[in-house]
Every structure is written in C-alpha cells, then in structure tokens.
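Enquirer: Structure in structure tokens, see below.
2 protein chains.
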Amino acid sequence: MDLQQIKYFLALARELHFWNTAGKMNITQSALTRQIQSLEAELGIQLFERNKRNVKLTPAGRFLKEKWEVELNELEFFHEHARQIQLGESGTIIIAHPDSISASIMPDMISRIATAFPKLKIELMQVRYEDQTEFLRNYKADLAITRDITTAEDIRSRKIYTDHLAIVVPDAHPFRDVSDITTESLASQKFILPIKDEGSSYSDIIQQMFRHFDVVPDAYLHSEFGSAITALVRKGLGIAIMPDSYIHHQIPGIRFISMPFKTDLYLNWRVEEHHPVLDNVLKLILE
Amino acid sequence: MDLQQIKYFLALARELHFWNTAGKMNITQSALTRQIQSLEAELGIQLFERNKRNVKLTPAGRFLKEKWEVELNELEFFHEHARQIQLGESGTIIIAHPDSISASIMPDMISRIATAFPKLKIELMQVRYEDQTEFLRNYKADLAITRDITTAEDIRSRKIYTDHLAIVVPDAHPFRDVSDITTESLASQKFILPIKDEGSSYSDIIQQMFRHFDVVPDAYLHSEFGSAITALVRKGLGIAIMPDSYIHHQIPGIRFISMPFKTDLYLNWRVEEHHPVLDNVLKLILE
DNA sequence: ATCTATTGATGCGTATATTGCATTAATGGA
DNA sequence: TCCATTAATGCAATATACGCATCAATAGAT
C-alpha cells in the first residue's frame, strides 16, 4: 500500500469527483480510478459507492478518511522532526515561551544556546497555556517555558527561574509603591487579569494574592497577551497583575510595583527524545 | 512511499542485518538494499549507518522506528475496524464488561442483540477499569460497561442499570441479614475490597457505605476480580462488598446480604462512529 | 421520448520501477 | 595473509503504472 494512494483517496473523498480530483493530483482519471481500485482491493474494503454519475463514501470509507487524515498528518511531523534530528547542530529547535520573559531571561538563554551551537536555528513562538502539552507532543515545539507545572507522563519539567508578581499601573496612577497597596485601595480598582483557568498554578498565585488582601477583584477584562494588557493599562482602562519580568520590556506610560508573591517558570520537554542536539541544549539550559 | 518499505525498515531495524532480514521478508538482499535506499532518498533522511560489516540505526532512524511501529499498528486496527464496518450485520462487535454482571444483565442483553442481528458476532472481554477508555479509543472494544462515569470528550456514557451493594460472607458466617450489619459487628471483620482508585465512583460508593456505618474497614486484601474475591471469601479469608448482580452466579459456599446502597452501571461508546450496526445495537440496548 | 454531455471503467501499448542473479568491494577474524 | 561474510551494484527479465482512446451508463436538456 502506497501512501500516495491514501493521498489520492483523501483528495477524492473531498472532491467526490474522479476527473476533478485527477486534475488536481496531476494524473489522468484512468490512473486515479485504478489507484483507488487497487487500494480497495488490497484492503478488502469498498471505500466509495460509485455509478457512472455519482461518487460517495461508504461508511467504512468515511471512517478511514477521518483516521487517515490524522495519521498522514502525524507522519509528516515525524518525518520533519527526524530531518531535524539528522541536521543536528545545523537544525532547528522550536521554543514556546510566555511573552512576559521575552525581554528578561529569554535573551540571555538564547544567546547562550546560539554561542554553544552557532549553526543551530532557533524558532520562538507563543502558545496558549492549554495547548502547550499538545504542541510538545506533536513536535510543533521542542521546548516549552511555562508558569505551570506539567504533570503529563511523557513530559518532563524543571523550574528554571522565579520572578515576582507586580501590580501594573499607568504612570499617572496614585499607587507609587508597595505601601500604597492595601485592601481598601485595591477594592476600588478595576483589574485586567489573565483568563481564569482552573488548575493553572499561575492563576492560583494571583488568586492567592487577592485572598491575602481579602479582596475580590473587580475584573471586567481578561487577556493572556501581555502587549494587549499593557496597552490597556496605559490607556487607563484598569490595572493589571503581571510577572515583573515585564519590566525589562521598558514599556513607556506604565509602572510596575513589585509584590512579595513569587511565580515560577518551568522548562518542559518530551521525555522520549533521540535528538542529540536537543539533549545538549537541555543540558546547557539546566546547567 | 510504500508501507511495505516501512515494514522492511522495521524488520531491518530489529535484525540489523540485510541478509537475515531479506530472508525473513522473502526477498533478496539486493531488493532490500534498494528499498531501504529509496526510502532514505525519498525522506531525505539517512536511517542506517552501514559499512560492509555492520548496520546500525542513526538517531533519526531510531526515532522513526519508534514512531512508525506505533503508527503501523494503529493503521492495522483502523483497517480491521473499517472491515468490520463494511461487514455490517455479519461483522463483530466487542463488548467490555465487568465480571459482576456476567450472569445478571449480560445474558439478557446478549440474547436481545443476537436475536435482532443473527449474523453479528459478539466478543466479550473483561478489562481493568483504567484501561477501558483506551480500549474504546483504540478500537479494541466497541462498547464498555462500567460502574464509573466516563468524562472523556470522545466517549459517551449512559446509565443502563442500577444494582445494590451486598455484603458477601461465607455460609458459616454469623451475619444472616441486614439487621446483623452494625458499626460494631463490621469493625471486627476483615475485608477483601477492590483496589482503591481515587476518583472511581464505584470505590466512592463503597467508602460511602463504610462512612455511613462510621467504620474504617480493615482491608488487607485487594482485588478487582470477582472470581478471586468469592473464592477468598469462601475460604474464610475475609468478607467482601460486591454488587448483588453476583448473586446470579449462584456461587456455592457464600451468601449475599443486600444493602440499601446503589451502584450504577454505565454503557460507554465512542462518540464518533460510522458503524451502522453498532449504532443499531446501541439503539437496541438503550431502547 | 430522444439526444447529448458528462462521467467512471477498461483495453492496450509504452514507459518506468522492481526484482533476482551474479559479481564486486570492503572488512573482521583465523 | 587468506578466507568467509556482508552490503552495494550492473544487468536482464519481469511486473507495475501510466496515458490515450474508447466504452457504457445516466442525468438533464430539448
């Protein structure tokens, strides 16, 4: 069974028309017909019901369409990753990280990696917290830096940094330093907070801070994106809680008031890994 | 890329010897060499390092070996399931169920299915609770009957039956009926209980019963298997809590004392399903 | 009802790919 | 140094896949 046959099948399953499909796949209708026939014969499964006028999927064909689509996609990612492994020091590693540390620990980390592996390409990406495990699993990312511990069996985590929460206010705001932050002063503020995520340790720490001040925050706006949040704070739409790593972004128009609440950063990676360079990069980051 | 090439690759990755592998795959060494070469060329990945004397996997080859093994296996299951879908009424459906109901609701359910679909083959299997979702997902089972609600997105559940917990004692035991069951009388008993599983609603119900009597059970033996448990009870090694459906097994040497605590049975199946007969069987069971 | 354009299947000759056989070249061990 | 083992390769035979042309069925237009 040839993978090309499955590709022909998937194309035909979308088009449901031999001539159009054959055109798109750059073969003749007769070749396509025979490829599908041979696929059906080899599997012992009729994939399409067809007469001279109409083509439609059988139940078994519908089932295999779904499965094969996923499977072929996975294969592509595996092959690409295998190519990266082969490229070794001149390959690419993909790092997913929160925006908050773009200007704090990331530059240092990147420069250490780049110095140690001059030919290695590094891709950076931002991924929503809930997608990170899946991105690692599917080889869409090789390393992920998160503010949450990952508990999955096939992912390893290690703490690499700790920073503090800060209250982010516009320049003109009356809050000047920690002594201005009290139960009363907080109660009258509007907050811009991250999207509340049950079981996220980062959310938990923020909640914990509010509990410490015995305040239920008045939060009407939620966002995960730092640049959006800082812009909103600057415009006076509310104040925010962010990791103080953001200070390094040196964003004008806002101030950070560091609070004595810690938030940890974790490095996450796949347990099962045959990528020698990735192993070395891991060692480098973890010292 | 031909799947046969991947099979050749996997065989060679195990043997690491062209002649032996070629022999096992019923081709000549030269054909095997060329298949592997063409696979490597098409992927642009060197899979083996070889000289005239030794063959070994490259890191990329090691990676793909693992992935392709899993993938090929999955494909096999998909094709087999697709064949079952095609066979329709003369296919096979696989039902996973707890041993407890083998003699109570199962016979009735099976006979209803068999009457409605005379050509359908039915396979029964017992699966540990924690494996059931995976068995459904991988098409190793089509229906699963459990005492726990399944919360997975891709699995649907419906309650199909409720039975009661019973205290299971050897014939000679002083407990005769419900009135003998008290906090004091329970406290002096040794129990054989199922393996405690956090988050299992069946465990919860048993715990709930003990809490009701304000007793912490003295349980030194744990098993999930009904036949093992009843044998142990008969030998006087302890008393057990079981669903009273077991009464229908008519096991000699033990007695069941029904308690007013309910345990529900759920039928679980895959949401995504193109198997028309399976759909019909579902409708039949759920009325 | 008849005609026509469209569509999937199929026969046939050609082009391409794959195989087995025989041989070659490299290498570890006697 | 010689020999047995082993992966690669040239070559001819065979098998497979392809495109072209054609056929047969059918929906829709007239």
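If you read the protein sequences in the order shown, they are chains W and R. Per our numbering, residue -5 is the first one in the first sequence, and the count goes up by one each step. Per our numbering, residue -5 is the first one in the second sequence, and the count goes up by one each step. Just so you know, even glycine gets a beta-carbon here, dropped at the ideal spot from N, CA and C.
1. Out of R:V210, R:R28, R:V162, R:E34, state which residue places its alpha-carbon closest to the alpha-carbon of R:K229.
2. For W:K134, decide whether its Cβ has a neighbour in chain R, counting only Cβ atoms nearer than 8 angstroms.
3. What did DSSP end up calling R:S151 once you bin it into helix, strand or coil?
4. Would you mind telling me which residues of chain R sit closer than 8 angstroms to W:M311, beta carbon to beta carbon, in chain order?
5. Check for me: the alpha helix (DSSP H) holding W:R28 runs from which residue to which?
6. As an exercise, report each continuous alpha helix (DSSP H) stretch of at least 4 residues that is fully enclosed by the region 66 to 131 of chain W, in chain order.
7. Which residues in the same chain have their Cβ closer than 7 angstroms to the Cβ of W:T27, if we skip the five residues on either side of it in sequence?
8. Alpha carbons only, please: which of W:H158, W:H268, W:E281 is nearest the one belonging to W:F72?
9. Contact check, W:I116 vs W:A108 under 8 angstroms by CB: the rounded distance?
10. Can you check whether the C-beta of R:Q31 is within less than 8 angstroms of a C-beta belonging to chain W?
11. Just how far apart, CA to CA, sit W:P112 and R:P53?
12. Between W:E124, W:G82, W:S239, W:M119, which has its C-alpha nearest W:V271's C-alpha?
13. Give me the chain W residues within the contact set of R:Q269, using Cβ-Cβ distance strictly less than 8 angstroms, ordered along the chain.
14. Helix, strand or coil: how does DSSP classify R:M19 here?
15. Check the Cβ of W:R77 against every Cβ in chain R and list those closer than 8 angstroms, keeping chain order.
16. Which residues of chain W have a Cβ atom closer than 7 angstroms to the Cβ of R:K61, listed in chain order?
17. Could you confirm whether any beta carbon from chain W is found closer than 8 angstroms to the beta carbon of R:E281?
18. Under a CB-based cut-off of 8 angstroms, is R:L69 close to chain W?
19. Buried or exposed for W:I186, going by 16 or more other Cβ atoms inside 10 Å?
20. In chain order, what residues of the same chain lie with their CB nearer than 6 angstroms to the CB of W:L6, ignoring the 5 residues before and after it?
21. For R:V209, name the three-state secondary structure that DSSP assigns.
22. Whole angstroms is fine: what's the gap from W:R131's alpha carbon to W:R150's?
23. R:E147 touches chain W at which residues, Cβ-Cβ below 7 angstroms?
24. Using CA atoms only, rank isn't needed, just tell me which of R:L10, R:N20, R:D208 is closest to R:Q(-2).
25. Helix, strand or coil for W:E218? Go by DSSP, reduced to three states.
26. Quick test of your reading: W:H91 and W:I154, contact by CB under 8 angstroms. State the CB separation rounded to the nearest angstrom.
27. Less than 8 angstroms between the C-beta atoms of R:Q80 and W:I39, yes or no?
28. Roughly how many whole angstroms lie between the Cα atoms of W:P164 and W:I279?
29. Using 8 angstroms as the threshold, is the C-beta distance between W:A238 and W:H158 below it?
30. For a minimum of 3 consecutive residues, which ranges assigned as the beta strand (DSSP E) are wholly contained in the region 218 to 260 of chain R?
31. Please confirm whether R:V172 and R:M236 have their CB atoms less than 8 angstroms apart.
32. Mind pulling the chain R residues with CB within less than 9 angstroms of W:E65?
33. Give me the Cβ distance between R:Q183 and R:I233, rounded to the nearest whole Å; I'm assuming they're in contact under 8 angstroms.
34. Under a three-way DSSP split, which group does R:L305 fall into?
Expert: Quick look at the numbers:
1. Nearest C-alpha to R:K229: R:V162.
2. Under the Cβ criterion of 8 angstroms, W:K134 is not counted among the residues facing chain R.
3. Strand at R:S151.
4. The question about residue 311 of chain W has no answer, for chain W in this structure spans -5 to 281.
5. Segment 23 to 37, the alpha helix (DSSP H) holding W:R28.
6. Restricted to the region 66 to 131 of chain W, the alpha helix (DSSP H) segments that are unbroken, complete and at least 4 residues in length are 99 to 110, 126 to 131, listed in chain order.
7. Closer than 7 angstroms at the Cβ level, and outside the excluded window around W:T27, lie F12.
8. Of the residues W:H158, W:H268, W:E281, the one whose Cα lies closest to the Cα of W:F72 is W:H268.
9. In this structure W:I116 touches W:A108 by the C-beta definition: roughly 7 angstroms separates them, less than 8 angstroms.
10. Not one chain W Cβ lies under 8 angstroms of R:Q31.
11. When rounded, the distance between both Cα atoms is 21 angstroms.
12. For W:V271, the nearest C-alpha among the options comes from W:G82.
13. In the sequence as presented, Gln is not what sits at residue 269 of chain R; that position holds His. Neighbours of R:H269 on chain W, chain order: P53, F57.
14. Three-state result, R:M19: coil.
15. Per Cβ cutoff of 8 angstroms: L37, G38, I39, A54.
16. Those within 7 angstroms of R:K61 in chain W are F72.
17. It does not: the Cβ of R:E281 has no partner Cβ on chain W nearer than 8 angstroms.
18. Taking Cβ atoms only, chain W reaches closer than 8 angstroms to R:L69, which makes this a yes.
19. With 16 or more other Cβ atoms within 10 Å, it is buried.
20. In chain order, T15 place their CB closer than 6 angstroms to the CB of W:L6, counting only its own chain and leaving out the 5 sequence neighbours on each side.
21. Three-state result, R:V209: coil.
22. Rounded to whole angstroms, the separation of the alpha carbons of W:R150 and W:R131 is 12 angstroms.
23. Per Cβ cutoff of 7 angstroms: no residues; R:E147 is ~13 angstroms from chain W at best.
24. Its Cα nearest to that of R:Q(-2), the residue R:N20 stands out among R:L10, R:N20, R:D208.
25. DSSP, reduced to helix, strand and coil, places W:E218 outside both helices and strands of the structure shown, so it counts as coil.
26. Contact doesn't hold; Cβ gap of about 11 angstroms is too wide.
27. Remark: C-beta atoms of R:Q80 and W:I39 approach each other more closely than 8 angstroms.
28. Their Cα atoms are separated by approximately 35 angstroms.
29. Sequence check: residue 238 of chain W is Asp here, not Ala. Yes, the pair counts as a contact, with Cβ atoms nearer than the cut-off.
30. Here the runs fully enclosed are 233 to 237.
31. Contact flag unset, no.
32. Correct list: E65, E68, L69, F72.
33. About 5 angstroms separates the two Cβ atoms, so the contact holds.
34. A query on residue 305 of chain R cannot be resolved here, the shown segment of chain R reaching from -5 to 281 and no further.
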